[in-house]
Amino acid sequence: MTSRHYLDCSGTIIMKRHARIGGGRAYLQTHEADLENFRQTVGRIVIGDHALVATCAVMLKGAHLPDRSLLAASSTMLASSADSQQSGLYAGSPARWRRELDGEYFRTTDHMITEFVVDGPIGLLRDEPGTNFS
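For the sequence shown, this note's numbering gives the first residue as 4, with consecutive numbering after it.
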């Protein structure tokens, strides 16, 4: 898990083997207001085996991200039944299943990503005459 995420532990958050929360500012909220009965209810959130919650994604009470799945950046996953879901990409608000996924990430037994590839210049770059950043 990277830093700067919000994990509400009023209820329970279950992260299965090799589950990850990546990027920044993901929000996992295990409680909600029951306005009809003037109370707060708590529940659980489950992140499946080899599943990834991406940057700024939101998981609300009762959400279940299946094994070998990705919750896309800025998506919101609502309460769901684990039995009715299939592995793959979940995206949107509310998040819906979009397609199957494949890749080494979903099979690895490593706990950390250790290979980093830089695609171009990095850092805060100043655009000056004669500089080509493309």
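Ideal Cβ placement from N, Cα and C applies to all residues, glycine included.
Quick check: what's the CA-CA separation for residue i versus residue j?
i, j, result
"ARG110", "ASN135", "39 Å"
"MET115", "GLU39", "45 Å"
"LEU10", "GLN89", "25 Å"
"LEU68", "SER77", "15 Å"
"VAL61", "LEU74", "9 Å"
"GLY123", "GLN43", "49 Å"
"THR15", "VAL45", "8 Å"
"HIS53", "TYR108", "7 Å"
Evaluate residue i with the Cβ neighbour count: other Cβ atoms within 10 Å of its Cβ, from every protein chain shown; 16 or more gives buried, anything less gives exposed.
i, result
"ILE48", "buried"
"LEU63", "buried"
"SER72", "buried"
"THR33", "buried"
"LEU31", "buried"
For the beta strand (DSSP E) that residue i lies in, which residues bound it at each end?
i, result
"ARG47", "47-50"
"LEU31", "30-32"
"VAL121", "Element bounds for VAL121: n/a, residue is neither H nor E."
"ILE16", "15-18"
Would you check whether the ligand COA has a heavy atom nearer than 7 Å to the C-beta of residue i?
i, result
"GLY51", "Only the bare structure without any ligand can be found here, which leaves the ligand COA out of the picture."
In chain order, which continuous runs of the beta strand (DSSP E) of length 3 or greater are located wholly inside the region 57-100? 61-63, 92-94
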